[in-house]
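Q: Residue numbers (the working numbering): 104 to 321.
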Amino acid sequence: MPKAAALEKAQALRTQIHRIFGTVSEGAGPLSSSLLFWQQSLKNPVQICSVFPSRPSVGKSMCEAVGECNGKPVIELGAGTGAITRQLLGSGIKAHDLTAVELDREFASFLSRKYPGVDVLNMGAEEIADLWLKRKSPKVGAVVSTLPIKLFDDALQHRILGSMLDVMAEDASFVQLTYRLKSPIKKEVYENLGLKAKCDRAVWQSIPPAFIWKYERA
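1) Would valine 306 and serine 194 qualify as a contact pair, given that the criterion is a beta-carbon distance under 8 Å?
2) Tell me the start and end of each unbroken alpha helix (DSSP H) in the region 217–261 that is at least 4 residues and wholly inside, in chain order.
3) Whole-angstrom Cβ separation of leucine 250 and leucine 192, contact assumed at under 8 Å?
4) Determine the closest residue to valine 221 out of Ala321, Thr281, Thr184, Lys197, with distance taken between C-alpha atoms.
5) Assuming glutamine 190 and proline 159 are in contact, meaning their beta carbons sit under 8 Å apart, how far apart are those beta carbons, in whole angstroms?
6) So tyrosine 293 is in the beta strand (DSSP E); what residue range does that whole segment cover?
7) In angstroms, rounded to a whole number, what distance separates the CA positions of aspartate 256 and lysine 289?
8) Roughly how many whole angstroms lie between the Cα atoms of leucine 259 and tyrosine 282?
9) The beta strand (DSSP E) spanning isoleucine 315 covers which residue range?
10) Start and end of the beta strand (DSSP E) containing threonine 202?
11) Can you tell me where the alpha helix (DSSP H) with glutamate 167 in it begins and where it stops?
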């Protein structure tokens, strides 16, 4: 194929992608959050475990599960490109009260540009407690997680949940998204940490159906 024709074909494909996915904020380049999510999921399939961000209906249900935090900080684990972040902010949580934790560097950079008022941390969820306590930050009202926690071994599940308990207020909830009806966190893990669990709600219009689990102190 002649070079000019190849360039024309590439430009046409690029235009089609833009029509489907749109564009991102200034400085992020001509990729939408959905396309960025897709690209990173191909690079890190085990870490991300999805090819598209959560649907708005899922984010809305997670916000409903969080409930009223009375001005306490909220931590979001596995923020990705901000699908749930946007919903949390839309539910009334102030940007300065929200901390978005994302291990993927590209996602974290994107989040920082898209939500400049949100505290974006590029680190593992199990590392949060040490930083939180070092900062002398107040106890959080809720933790919202879209991490693929079901795929983590018991030890990592325990470290993540234990780390969050160290910074959660007594009445706070750990809200976890999963796409299976069964608890994504092992019963032995959450019971060992003194927690009780329940499937708070289901989002049947999501494909596949999504389930929101809540873990609270027993």
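Each residue gets a CB set at the ideal place from its N, CA and C atoms; glycine is no exception.
A: Let me spell this out:
1) Against the sequence shown, residue 306 aligns to sequence position 203. Against the sequence shown, residue 194 aligns to sequence position 91. Contact flag unset, no.
2) 231–238
3) Counting from one through the sequence shown, the residue named residue 250 turns up at place 147. Counting from one through the sequence shown, the residue named residue 192 turns up at place 89. About 20 Å; that fails the 8 Å criterion.
4) Locating residue 221 in the sequence shown gives position 118, where the first residue counts as 1. Comparing Cα-Cα distances from valine 221 to each of Ala321, Thr281, Thr184, Lys197, the minimum goes to Lys197.
5) Within the sequence shown, the letter at position 87 stands for residue 190. Within the sequence shown, the letter at position 56 stands for residue 159. So it is a contact: roughly 7 Å between Cβ atoms.
6) The residue labelled residue 293 in the question sits at position 190 within the sequence shown. Per DSSP, tyrosine 293 belongs to no beta strand (DSSP E); it is in the alpha helix (DSSP H), 290–295.
7) Translated into positions along the sequence shown, residue 256 becomes position 153. Translated into positions along the sequence shown, residue 289 becomes position 186. Aspartate 256 and lysine 289: Cα-Cα distance of roughly 9 Å.
8) Within the sequence shown, residue 259 is the residue found at index 156, counting from 1. Within the sequence shown, residue 282 is the residue found at index 179, counting from 1. Whole-angstrom Cα-Cα distance: 20 Å.
9) Sequence index remark: in the sequence shown, residue 315 carries index 212 (1-based). Segment 313–320, the beta strand (DSSP E) holding isoleucine 315.
10) Locating residue 202 in the sequence shown gives position 99, where the first residue counts as 1. Segment 201–204, the beta strand (DSSP E) holding threonine 202.
11) The residue given as residue 167 occupies position 64 in the sequence shown. Glutamate 167 -> alpha helix (DSSP H) spans 159–169.
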